[in-house]
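Going by my numbering, the first residue of the sequence shown is number 353, and it counts up by one from there.
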Amino acid sequence: MTYDVWDGDDDGEAGRLVPLYILVNGRTTPRNTNLDLATQVIALPADTTRLEPEYKEIMNRCSGWISIAEIGAYLHRPLTITKVMVDVLLEQGFLGIGAPAQRKIADRRLLETVLAGLERL
Numbered sequence: 353m354t355y356d357v358w359d360g361d362d363d364g365e366a367g368r369l370v371p372l373y374i375l376v377n378g379r380t381t382p383r384n385t386n387l388d389l390a391t392q393v394i395a396l397p398a399d400t401t402r403l404e405p406e407y408k409e410i411m412n413r414c415s416g417w418i419s420i421a422e423i424g425a426y427l428h429r430p431l432t433i434t435k436v437m438v439d440v441l442l443e444q445g446f447l448g449i450g451a452p453a454q455r456k457i458a459d460r461r462l463l464e465t466v467l468a469g470l471e472r473l
């Protein structure tokens, strides 16, 4: 039987000494009650140098519209913690909330194809 022994190296995920709930100040639910796992967020232009590495990971994933559930899946974080961390970033103005449909769609040909398909129905 093998045992994992901490070797004093804090560089990796296994060396984490600070539990994730410390990053959210022990909060278990987001303050924004409208957030759910399907909520779409996007990173806003901001200086992220002072953010904790876990928050920077979220910002890196949010270069385009992404749901809170996808963020949790990509980063292998519990969804509850991910939701609260996203809420913290929203409160601090690092993330914007909305939906991908709010973006301007540049592919007019695709829209015309969809419209033609709907008209055939």
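Glycine residues also receive a C-beta, built at the ideal position from the N, C-alpha and C atoms.
Because the structure is a prediction, the values reported are computed rather than measured.
When the distance is taken between beta carbons, is Cys414 closer than 8 Å to Val440?
Cβ distance not < 8 Å, so Val440 and Cys414 don't count as in contact.
Between the Cα of Thr380 and the Cα atoms of Leu470, Leu462, Ile433, which residue gives the shortest distance?
Looking at the Cα atoms, Ile433 is the closest of the given residues.
Hey, Leu372 and Arg429: beta-carbon distance below 8 Å or not?
Less than 8 Å divides the Cβ of Leu372 from the Cβ of Arg429.
Closest residue to Gly450 among Leu387, Thr465, Thr400 (Cα-Cα distance):
The candidate whose alpha carbon is nearest that of Gly450 is Leu387.
Curious, which full-length beta strand (DSSP E) runs of at least 3 residues does the stretch 384-421 contain?
Whole beta strand (DSSP E) segments, 3+ residues: 392-395.
Can you grab the Cα-Cα spacing for the pair Thr391 / Ile420, in whole Å?
Taking the CA atoms as reference points, Thr391 sits about 6 Å from Ile420.
Looking at Thr401: is its Cβ nearer than 8 Å to the Cβ of Met411?
No. Outside cutoff.
In this structure, what does DSSP give as the bridge partners for Ile449?
Answer is Val393.
Would you mind giving the Cβ-Cβ distance between Phe446 and Leu396, rounded to the nearest angstrom? I have them listed as a contact below 8 Å.
Distance from Phe446 to Leu396 at the Cβ level is roughly 6 Å; contact confirmed, criterion being Cβ atoms closer than 8 Å.
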